[in-house]
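One structure is given here, and the rest of the page talks about it.
In our numbering, the protein residues as written are 9 to 468.
Here it is, written out as structure tokens:
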């Protein structure tokens with residue numbers, strides 16, 4: 009090899025070494041034959057690489073059933089623990105309202121985007137079921153053995169036999185009565201157990217101030233003190249008679265004897281409390297706290313003798329008035345309807361995963377954390393309700409005589425508030441018709457005919 013060619017090859021080798029040392033791969037020169045060198049061939053070391061960063065994901069949760077304590081607990085304990093276990097994930101909670109929920113939820117599903125997890129009511133599994141994700145592969149027993157610890161409330165979180173989420177609590181409707189006010193009214197036989205006794209009690213224990221023509225004491229406040237004609241109260245009465253909301257062919261059953269009796273009872277109770285609509289008696293004035301409690305500011309009773317509602321409307325458990333309050337189911341009218349049974353209408357609100365969610369697995373993992381045995385207990389403690397998980401009913405549940413009694417009644421007499429088709433439409437239809445009942449614009453029979461016709465059309 010000539011000196012000139014050797015010098016040229018040496019320059020190329022040195023240049024290649026310098027480029028490699030700078031981290032830039034050298035491009036070998038094309039030659040007719042491999043160059044002979046005394047030094048061993050240089051090889052480039054692999055560049056050091058960093059692990060790819062976790063993809064940023066926001067898991068969105070829309071809550072309606074909460075207290076400030078609930079939100080504080082979720083944000084201080086559950087969400088930080090979840091985010092630490094899932095790097096790159098942020099949990100975002102939106103606090104919604106039950107006012108206008110149907111418009112809000114319909115908007116999410118129509119747009120095909122929104123929160124991954126949505127707080128739904130008991131009856132909404134039927135209403136939105138087709139828009140919710142099948143979560144059996146994430147939350148079924150094969151994937152999560154804890155699911156077997158949930159009680160009957162789990163049925164509210166299913167659609168077409170498939171899990172769509174998890175139930176938060178059981179919140180049955182009981183009849184809470186002030187035993188001292190009952191006795192002061194001359195009623196000594198305890199909570200009424202049939203329709204005749206209820207109407208007699210309503211006449212005896214309700215008081216109207218003639219000076220203002222307004223109620224000063226109301227024998228029974230069933231959900232809504234003013235109208236006494238709330239559709240959920242109607243359902244409780246109807247179910248206590250053994251009523252079925254739908255016929256065998258799936259059509260509405262407002263033509264049944266049970267429907268007629270339930271509607272007549274609501275009318276009779278309204279009349280026994282307020283008198284004819286023409287009298288225009290004023291409603292019970294609002295006080296501080298529960299309607300069956302005492303107003304701390306005035307020291308006077310808030311005016312209701314009995315309350316048919318969930319524990320949310322009852323006095324706080326640490327109130328001294330509980331020494332004078334009984335808790336019972338609603339007994340129906342066994343003398344006239346042999347299928348009558350004591351009933352507490354159980355509401356089991358729940359968290360559902362939207363089918364449009366791109367984060368179904370993450371949503372399931374968050375639900376598992378927020379619905380562990382300990383977490384379901386804590387969640388419900390913040391609201392004073394009964395946990396949906398049977399094994400979560402310890403601690404504050406057993407320490408509270410009220411909650412313990414409520415849990416026992418719910419277990420024995422609970423009837424689920426679920427499986428209602430087009431519940432938002434039915435609610436609107438019934439409230440309108442029942443409103444015309446108490447103002448005496450329509451008769452009992454006309455009210456039922458109106459509901460039957462309009463609800464049948466809605467289901468089509």
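The beta carbon of each residue, even a glycine, is placed where N, CA and C say it ideally should be.
Whole-angstrom distance between residue j and residue i, CA atom to CA atom
i	j	result
residue 103	residue 97	20 Å
residue 65	residue 173	20 Å
residue 123	residue 67	8 Å
residue 334	residue 184	6 Å
residue 233	residue 283	15 Å
residue 332	residue 187	5 Å
residue 105	residue 120	21 Å
residue 145	residue 413	36 Å
residue 107	residue 424	23 Å
residue 368	residue 351	37 Å
residue 248	residue 393	23 Å
residue 155	residue 410	27 Å
residue 267	residue 456	8 Å
residue 288	residue 384	46 Å
residue 262	residue 459	7 Å
Exposed unless 16 or more other CB atoms sit within 10 angstroms - verdict on residue i
i	result
residue 118	exposed
residue 406	exposed
residue 196	exposed
residue 207	buried
residue 131	buried
residue 386	buried
residue 256	exposed
residue 190	buried
residue 254	exposed
residue 402	exposed
residue 84	exposed
residue 296	exposed
residue 260	buried
residue 100	exposed
residue 464	exposed
residue 210	buried
residue 344	exposed
residue 320	exposed
residue 159	buried
residue 192	exposed
Closest by C-alpha distance to residue i, when choosing among the options
i	options	result
residue 342	257, 200, 364	200
residue 428	126, 385, 167, 142	167
residue 436	178, 239, 151	239
residue 139	365, 74, 398	365
residue 241	178, 277, 356, 165	277
residue 390	279, 160, 325	325
residue 328	359, 304, 339	304
residue 281	314, 262, 410, 114	314
residue 1	338, 260, 222, 354	Lying before the first or after the last residue shown, residue 1 is absent from the chain, which here runs from 9 to 468.
residue 452	438, 464, 179	438
residue 316	157, 226, 420, 127	226
residue 397	157, 224, 262	157
residue 148	373, 272, 384	373
residue 417	338, 344, 379, 400	338
residue 363	109, 443, 170	170
residue 381	218, 209, 176, 202	176
residue 420	358, 336, 448	336
Beta-carbon spacing of residue i, residue j below 9 Å
i	j	result
residue 270	residue 245	yes
residue 125	residue 371	yes
residue 150	residue 228	no
residue 441	residue 462	yes
residue 81	residue 376	no
residue 426	residue 163	yes
residue 318	residue 181	yes
residue 161	residue 356	yes
residue 236	residue 446	yes
residue 354	residue 134	no
residue 361	residue 93	no
residue 264	residue 272	no
residue 358	residue 219	no
Residues bridged to residue i [DSSP beta-bridge criterion]
i	result
residue 127	359
residue 69	101, 125
residue 394	178
residue 217	222
residue 318	According to DSSP, which records beta bridges pairwise, residue 318 is partnered with nothing at all.
residue 312	226
residue 116	Answer by DSSP bridge pairing: none, since residue 116 is not bridged.
residue 354	180, 424
residue 458	For residue 458, which the question treats as bridged, DSSP gives no partner whatsoever.
residue 171	166
residue 254	260
Check: residue i C-beta below 8 Å from any heavy atom of the ligand ZN
i	result
residue 276	Looking for the ligand ZN in the displayed structure turns up nothing, as the structure carries no ligands at all.
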